[in-house]
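Read through the structure below, which is laid out as structure tokens, and then see the notes.
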Amino acid sequence: MSATSNPLVAATSAPPRVQRTVNANINNFSAGLTRIDPRPYAIVCMHIGPSVEVTCERGGKLRHGREVAGDLDIVPAHTPAAWETKQSGTTLVMRVPDELLRTVAVELDMDPSNIEIADRFQLRDPFIEHIGWAIKADLDSGGAGGRLFRESLGTALAARLLQRHNRRSLPMRDPKGGLSAWKLKLVISHIEDNLESELSLAEIAKVAGVSVSHLKTLFRRSTGTPVHQYILRRRVERAKLLLQDESLSIAQIAFATGFAHQSHLARHMRKILGVTPAAARRDLAQPHVAEQAANI
Numbered sequence: 053m054s055a056t057s058n059p060l061v062a063a064t065s066a067p068p069r070v071q072r073t074v075n076a077n078i079n080n081f082s083a084g085l086t087r088i089d090p091r092p093y094a095i096v097c098m099h100i101g102p103s104v105e106v107t108c109e110r111g112g113k114l115r116h117g118r119e120v121a122g123d124l125d126i127v128p129a130h131t132p133a134a135w136e137t138k139q140s141g142t143t144l145v146m147r148v149p150d151e152l153l154r155t156v157a158v159e160l161d162m163d164p165s166n167i168e169i170a171d172r173f174q175l176r177d178p179f180i181e182h183i184g185w186a187i188k189a190d191l192d193s194g195g196a197g198g199r200l201f202r203e204s205l206g207t208a209l210a211a212r213l214l215q216r217h218n219r220r221s222l223p224m225r226d227p228k229g230g231l232s233a234w235k236l237k238l239v240i241s242h243i244e245d246n247l248e249s250e251l252s253l254a255e256i257a258k259v260a261g262v263s264v265s266h267l268k269t270l271f272r273r274s275t276g277t278p279v280h281q282y283i284l285r286r287r288v289e290r291a292k293l294l295l296q297d298e299s300l301s302i303a304q305i306a307f308a309t310g311f312a313h314q315s316h317l318a319r320h321m322r323k324i325l326g327v328t329p330a331a332a333r334r335d336l337a338q339p340h341v342a343e344q345a346a347n348i
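The numbers in the sequence shown follow the numbering used here, run straight up by one, and end at 348.
Right under this line is the structure:
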């Protein structure tokens, strides 16, 4: 019998498979204080709900600010952290295993024994934001993207952390030709606080202090998304959060998130999330589905 025909030999000679996915879940938090003990992995939190006022204590530093959709907090491994918020909110929590970081570091010709992920507060990083929305979409679909899709997202997130959020990496800069970080924050805060209104381009351009034509160009360069598409996605995401409140009808939720009527919301939710409001509400009523989807 040849060696290759023996399944035991083949099994013992194969190298162990490295897990390339990140574990993620959607966290709905209440106003008040939240503490986490030191964890053996880096944590990336992306704010995805309505804006909140937050005070954060981490690494001996106290910071205060307003979290808006897309804002990122990066907590290095073995770092205790505490947040106190004045409002309830929602975040996407992504846990990045050290094993994944070391594996990707080798592939990037970096020293895997000398990795120090930086502590970041209310960071804007369009690259990680796009990864975060893709992970959230996979959670919402119950993991329909499959293992290969989730592994590609995990590898991309680890690579970005190593290249731009390592203590030895170059500092983050505003996107070339885009809005400055503080202007982008003003614009996104205005959008988040007024999703139920018409939100004209002229109104948003005034907040940014630029012309409408410049707003279109600068916003897309800063976020990778046109203004109108960004607003539609935020309205759909806000509507999905409101669907958890069964006291609200779908028609009421449509009006509360800036849609003309229930069918208007349903059309865009189906296009962006792949489900109707009624189907999304049914899924939200099944906690075992969300629990299973969280292990990506």
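Ideal placement from N, C-alpha and C gives every residue a C-beta, glycine not left out.
Residue i - partner residues in DSSP beta bridges
| i | result |
| --- | --- |
| residue 172 | 126 |
| residue 234 | DSSP output for residue 234 lists no bridge partner at all. |
| residue 119 | 104 |
| residue 146 | 76, 96 |
| residue 133 | 88, 110 |
| residue 246 | DSSP, once it has assigned bridges, lists no residue as partnering residue 246. |
| residue 141 | 81 |
| residue 166 | Answer is none; residue 166 lacks a bridge partner. |
Between the CA atoms of residue j and residue i - distance to the nearest angstrom
| i | j | result |
| --- | --- | --- |
| residue 330 | residue 247 | 21 Å |
| residue 168 | residue 155 | 14 Å |
| residue 71 | residue 314 | 42 Å |
| residue 133 | residue 87 | 6 Å |
| residue 295 | residue 328 | 11 Å |
| residue 347 | residue 163 | For residue 347, the predicted model reports a pLDDT of 34, less than 50, meaning its position is unreliable; a value from the coordinates is still stated below. For residue 347 and residue 163, the distance between alpha carbons rounds to 29 Å. |
| residue 259 | residue 235 | 8 Å |
| residue 77 | residue 197 | 16 Å |
| residue 342 | residue 96 | Residue placement at residue 342 cannot be trusted, given a pLDDT of 39 that sits under 50; what the coordinates show is reported in the next sentence. Roughly 20 Å between the two C-alpha positions. |
| residue 264 | residue 107 | 34 Å |
| residue 325 | residue 192 | 8 Å |
| residue 207 | residue 73 | 7 Å |
| residue 357 | residue 277 | Outside the modelled stretch of the chain, which goes from 53 to 348, sits residue 357, for which no answer is possible. |
| residue 237 | residue 256 | 12 Å |
| residue 274 | residue 301 | 35 Å |
| residue 337 | residue 115 | 36 Å |
| residue 102 | residue 239 | 14 Å |
| residue 269 | residue 166 | 39 Å |
| residue 178 | residue 205 | 14 Å |
| residue 183 | residue 94 | 16 Å |
| residue 56 | residue 140 | In this prediction, residue 56 scores a pLDDT of 43, lower than 50, which makes its location untrustworthy; the coordinate-derived value is nonetheless stated afterwards. Using only the alpha carbons, I get a separation of about 58 Å. |
| residue 83 | residue 199 | 35 Å |
| residue 279 | residue 304 | 25 Å |
| residue 253 | residue 266 | 11 Å |
| residue 119 | residue 233 | 13 Å |
| residue 128 | residue 316 | 42 Å |
| residue 85 | residue 272 | 35 Å |
Identity of the residue in the options nearest residue i by Cα
| i | options | result |
| --- | --- | --- |
| residue 81 | 142, 119, 122, 127 | 142 |
| residue 251 | 292, 309, 206 | 309 |
| residue 148 | 75, 332, 255, 231 | 75 |
| residue 130 | 90, 146, 164 | 90 |
| residue 244 | 282, 265, 166 | 282 |
| residue 126 | 269, 109, 242 | 109 |
| residue 298 | 253, 193, 334, 103 | 334 |
| residue 151 | 256, 183, 92 | 92 |
| residue 319 | 184, 291, 208, 119 | 291 |
| residue 104 | 121, 146, 311, 337 | 121 |
| residue 159 | 337, 262, 215, 255 | 215 |
| residue 176 | 321, 124, 145 | 124 |
| residue 113 | 135, 210, 199 | 135 |
| residue 185 | 111, 217, 144, 194 | 144 |
| residue 171 | 332, 304, 293, 220 | 220 |
| residue 249 | 306, 321, 139 | 306 |
| residue 293 | 85, 84, 99 | 99 |
| residue 332 | 194, 137, 242 | 194 |
| residue 153 | 199, 210, 279 | 210 |
| residue 289 | 322, 217, 261, 138 | 322 |
| residue 117 | 303, 138, 266 | 138 |
| residue 217 | 233, 253, 157, 231 | 157 |
| residue 16 | 85, 231, 161, 241 | With the chain covering only 53 through 348, there is no way to say anything about residue 16. |
| residue 146 | 79, 317, 272 | 79 |
Beta-carbon separation (whole angstroms), residue i vs residue j, contact threshold 8 Å
| i | j | result |
| --- | --- | --- |
| residue 190 | residue 173 | The Cβ separation is near 26 Å, so there is no contact. |
| residue 212 | residue 187 | 13 Å between Cβ atoms; not a contact. |
| residue 287 | residue 311 | 7 Å |
Proximity test, Cβ basis, 7 Å: residue i and chain D
| i | result |
| --- | --- |
| residue 262 | Among the chains in the structure shown there is no chain D, since it carries only a single protein chain. |
Beta strand (DSSP E) runs contained entirely in the region 75–115, provided each spans 3 or more residues: Counting whole runs of 3 or more residues, the region 75–115 contains the beta strand (DSSP E) stretches 75–81, 84–88, 94–99, 104–110.
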